[in-house]
Amino acid sequence: MRGRRLILAAGVLAVAVGLALTLAPGLVSFDLATALSVVVWLVALGGAAVAVYGRFDAPDAVESALPRAGERPTYGVPGDDLAATVATAGAGERDATARDQIRDRVRETAVATLERFQGASPRAAGTRIDDGTWTDDERAASLFTDDRRSGREGVETDFADRVERAADALAGLAGISADEAGGADDGVPSPSTAGPPATPRLGRGESRLDRTGRWRGVSGLALAATAAGILLGQSVAILAGLAGVGFAAYARAWTAPDPALAVERTVSETDPAPGERVRVTLTVTNESDRLLPDLRFCDDVPAGLAVVEGTPRHTTALRPGKRARIAYECEAVRGRHAFDSLTIATRDVSGASVRWRRVRTDESVVTCRPQYDALAPELGDLATRLTGRQDVAATGEGVAFHSVREYRRGDPVASVDWNRLAKAGDLATRRFDQPRTVRVVVVVDAREPAYATRDAEERRPAVDASVSAAAALAGGLLDAGSHVGLAALSPRDCWLDPAAGATHRRRIRDRLTTDRAFGWLPPRDRDETADAQFADLFTRLPNDAQVVCCSPFVDDAPADLVRQLLARGHDVHVTSPDVTGTETPARRLATLDRRLRLDAVRRAGATVREWRPSADPQAARTAAADLRTGGSRSDPGPAGRSASAPGGGGSSRSDADLAADGGGDA
Amino acid sequence: MSFARPPAADATFRVSYVLALLAGLGAAAAAAVSPLALVAGAIGWLALLTGVVWQVRGAVVFGGGVCFTAALVASAGGAGVWAVLVGGFGAVLAADLGLFGLGLDRDVDGSVATTRVELLHAVASGSVAVATAGGGYVLYRSVPAGGSTGVVALLLGGVVLVTLLR
């Protein structure tokens with residue numbers, strides 16, 4: 005508004021000067037004073053050019069761009085958040101609090117590391133950290149010692165370097181190095197190749213008219229030229245300013261059209277296999293009676309689907325009755341993907357205004373249902389009182405002999421050990437193993453922190469790996485005769501009561517495939533705390549249910565959940581996909597943190613298995629087949645180990661992706 | 024299944040860029056009546072080139088502004104009417120077309136055929152430039168010598184006020 009008033013004042017001034025010069029042409033002569041005025045004015049002109057640049061450039065920026073569709077969301081790599089925090093912490097007193105928070109976080113890991121890997125008590129670990137004797141690297145040790153501060157009070161130099169050295173020293177104590185995963189230590193987190201896809205700002209069916217601002221300031225050119233011409237005494241200079249006037253009027257002559265458009269979309273395959281390409285064809289027809297000089301549109305490709313050929317974005321000029329058709333191909337991944345809208349931007353011919361519309365279209369759904377192997381984990385002894393197929397520490401009617409105990413009134417006559425009575429005269433009761441029905445609830449960590457990835461470019465979140473693990477484990481448990489339920493640890497509710505049967509198996513796989521709790525976009529509800537999600541789970545969880553927890557363990561919440569479940573008497577089995585990396589010190593520290601968490605829950609009483617996410621399920625199936633048939637693999641290694649389903653009728657199931665963690669089970 | 028990476032953005036040849044550079048070249052050439060104007064025009068054109076090659080919006084705007092300044096400098100150096108008109112309008116056209124091309128690069132991939140919409144925009148902007156410059160030239164020639172500065176200033180001021188008060 006202020007700039008507008010200034011221009012208004014300049015316009016009034018121009019009119020006044022113009023009137024004066026028209027009446028008295030020789031009013032201004034070109035002398036030294038005028039020349040000095042010209043110099044001053046040219047400086048002012050430079051300032052005006054800067055102002056014009058700012059007004060010309062800023063409004064027509066990314067916010068008015070078409071959405072970046074066809075790219076999977078960007079997920080963070082564990083540790084990169086710490087690296088970013090360290091990078092932004094300055095050396096001055098103002099950032100002292102931020103530095104101390106980082107230091108405390110690293111120190112916590114340091115204490116746990118010394119306890120776990122060097123057998124130090126918490127007190128001894130704290131002492132070693134405080135006196136700097138925990139490592140030979142003096143710079144790493146100085147992160148926690150008092151001599152870290154040099155010079156002025158509150159100023160701390162080389163903080164980032166010392167955090168990195170400390171992280172490396174701690175990772176080294178745990179045997180974690182950059183070479184472990186073949187990563188190069190470049191010290192720099194790999195940047196994502198593109199920013200997050202711009203979410204369309206409009207709801208479906210909404211529209212909005214914006215001024216792009218790309219011509220804003222152009223009338224300032226006219227004023228500047230006019231003033232320069234007057235000062236120079238060169239009337240011809242004013243003619244250049246006509247460009248500003250002409251284009252300023254041009255920009256105001258039209259507004260973006262609001263045309264009637266017909267949209268038609270077809271997909272080549274509605275039920276593709278993972279990795280299969282789905283071709284999407286989109287046709288937009290101009291059903292209005294006017295030319296669309298600048299029509300831009302972008303298909304709203306569902307999150308998770310990556311466009312691998314062609315483009316979902318297009319621009320054209322479209323005459324009445326004409327149509328534009330585009331085609332692109334997506335690679336199918338797990339999930340139910342609904343194409344149901346289109347983002348359209350129409351501009352007037354000058355580009356000064358743009359009309360945004362988010363158009364509803366007929367829904368085209370692509371559902372990709374991966375096939376999962378059935379893998380059964382070792383279960384604990386917690387079981388229902390129902391007879392079933394799984395061996396647990398329960399006795400009763402059965403076939404397999406368990407033990408003999410003293411006869412109690414009410415014991416069935418058939419269970420009395422008559423031989424013992426004949427030999428020794430004692431009444432004793434024989435006990436048999438009684439297979440029971442086990443209830444298992446598979447809990448998938450689908451909170452926002454679980455949407456982390458090892459490879460920022462690959463863009464496959466840990467949640468997807470957890471879902472694969474959950475599906476495989478649920479299948480194996482159902483095969484073994486367990487009653488299996490499903491829960492999502494997420495603000496987006498998902499719960500299935502434990503049950504058995506083919507229908508329930510399909511229901512579980514369908515939920516894991518299509519439920520929005522396991523979608524490709526992280527949940528946005530940050531208000532609901534992990535504790536609230538835990539409370540929901542505890543309310544629904546049957547007392548006699550065992551729990552399989554599928555989580556990447558990239559933060560402390562899953563470990564807290566496991567501890568609370570154990571405290572409530574549940575047997576807990578952790579299956580954890582590893583999405584941590586070793587390329588940078590911060591990532592190595594995140595790897596160490598994860599190991600410490602898994603170790604803590606193992607020591608608390610849970611069984612822990614590493615889940616090796618395989619990029620190619622077909623390869624995993626081949627490996628599994630090799631294991632089943634006793635194939636030529638002589639050393640299945642950490643990613644190949646067979647496990648028998650407890651009470652599963654002796655059936656041996658492949659476990660190509662399920663490997664014991666290095667520390668073993670407690 | 025291999026998880027696909029997003030397609031990489033490639034440098035795109037666009038008609039708008041060629042036309043922007045031609046307009047900028049015309050503006051710089053028209054203004055080359057004095058060494059200072061020549062230098063300003065050259066800097067402006069190089070900024071335009073940098074902007075369209077490296078996809079820097081600020082450089083395009085800066086280049087157009089400097090080319091426009093070159094036209095003003097040229098007018099002080101005795102440039103003719105057509106030289107100033109070509110310089111001024113060429114500078115604005117160069118920035119307009121360059122920014123339009125950059126906007127297309129931002130919104131659509133390089134594989135999309137955009138020549139039609141680019142040409143339509145260029146023709147519309149060029150028509151505005153020709154009509155405005157022609158009108159200005161006629162007006163400039165029709166007023167008596169010595170009083171033309173005041174008349175044109177009056178004209179510009181009036182137009183600006185009308186524009187602002189709409």
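Chain order of the listed sequences is Z and S. Residue numbers are given in the numbering used here: position 591 of the first sequence equals residue 595, and the series is strictly consecutive. Residue numbers are given in the numbering used here: position 74 of the second sequence equals residue 97, and the series is strictly consecutive. Note that the Cβ used here is the ideal one computed from N, Cα and C, for glycine as well. These numbers come from a predicted model, not from an experiment.
Relative to Z/A255, the option among Z/D603, Z/T285, Z/A450 and Z/D214 whose CA is nearest is Z/D214.
When C-alpha distances from Z/C553 are compared across Z/S470, Z/V353, Z/G136 and Z/V110, the shortest belongs to Z/S470. A106, V107, L108, G110, G111, F112, G113, A114, V115, L116, A118, D119, L122, F123, G126, L127, R129, D130, V131 and D132: these are the residues of the segment 106-132 of chain S whose beta carbon lies less than 9 Å from some beta carbon of chain Z, given in chain order.
Residue burial annotation: S/S134 is exposed, with fewer than 16 other C-beta atoms found within 10 angstroms of its C-beta. Listed in chain order, the non-local C-beta contacts of Z/L206 below 8 Å within the same chain comprise R212, T347, W360, R361 and R362, local neighbours out to five positions each way being set aside. Taken in chain order, the unbroken stretches of alpha helix (DSSP H) that lie wholly in the segment 47-98 of chain S and span 4 residues or more are 58-77. Within the DSSP secondary-structure output, Z/I330 pairs in a beta bridge with Z/L286. The continuous beta strand (DSSP E) containing Z/P297 extends over residues L296 to D303.
Taking a beta-carbon distance threshold of 8 Å, S/T73 does not count as an interface residue toward chain Z.
For the 8 Å CB-CB criterion, Z/A473 and Z/P562 do not form a contact. Along the segment 242-269 of chain Z, going in chain order, the ones with a CB nearer than 8 Å to a CB of chain S are I242, L243, A244, G245, L246, A247, G248, V249, G250, F251, A252, A253, Y254 and R256.
Interface annotation, S/A156: in contact with chain Z, CB-CB separation under 8 Å.
At least one CB of chain S lies nearer than 8 Å to the CB of Z/H318. At a cut-off of 8 Å, the C-beta of Z/T315 has a neighbouring C-beta in chain S. If only uninterrupted beta strand (DSSP E) runs of at least 3 residues are considered, those enclosed by the segment 313-361 of chain Z are 317-322, 327-335 and 339-351. By the Cβ neighbour-count rule, Z/D449 is buried, with 16 or more other Cβ atoms within 10 Å of its own. In the structure shown, Z/L431 adopts coil according to DSSP, grouped into three states.
Taking 9 Å as the upper bound on Cβ-Cβ separation, chain S lies near residues P297, D298, L299, R300 and C302 of the segment 296-309 of chain Z.
In the DSSP assignment, Z/Q568 forms no beta bridge with any residue. DSSP links Z/D449 through a beta bridge to Z/L493.
Exclusion of the five residues before and after Z/A466 leaves A454, A456, P556, P581 and V583 as the residues of its chain whose Cβ lies within less than 6 Å of its Cβ. Below the 9 Å Cβ cutoff, chain S contributes G88, F91, G111, A114 and V115 as neighbours of Z/L225, in chain order. When C-alpha distances from Z/R269 are compared across Z/T101, Z/L236 and Z/L286, the shortest belongs to Z/L286. With fewer than 16 other Cβ atoms from the protein chains shown falling within 10 Å of its own Cβ, Z/D104 counts as exposed.
Between Z/S494 and chain S, the shortest Cβ-Cβ separation is not below 8 Å. By the rule that beta-carbons nearer than 8 Å mark a contact, Z/S354 touches chain S. Between Z/A178 and Z/T117 the beta-carbon gap is near 6 Å, inside 8 Å, which marks them as a contact. Per DSSP, the continuous alpha helix (DSSP H) segment holding Z/E119 begins and ends at A100 to Q122.
At a cut-off of 8 Å, the C-beta of Z/R340 has no neighbouring C-beta in chain S. Around the beta carbon of S/F36, fewer than 16 other beta carbons lie within 10 angstroms, which makes this residue exposed.
The C-alpha of Z/V558 lies about 49 Å from the C-alpha of S/D119.
The secondary-structure analysis by DSSP pairs Z/A456 across a beta bridge with Z/G80. When 7 Å is used as the limit between beta carbons, Z/R218 is near these residues of chain S: L122, in chain order. Any Cβ of chain Z closer than 8 Å to the Cβ of S/S134 would place that residue at the interface, and such an atom is present.
Under the Cβ criterion (8 Å, minimum of three pairs), the segment 147-157 of chain S does not count as touching the segment 308-328 of chain Z. DSSP, reduced to helix, strand and coil, places Z/Q550 within a strand of the structure shown.
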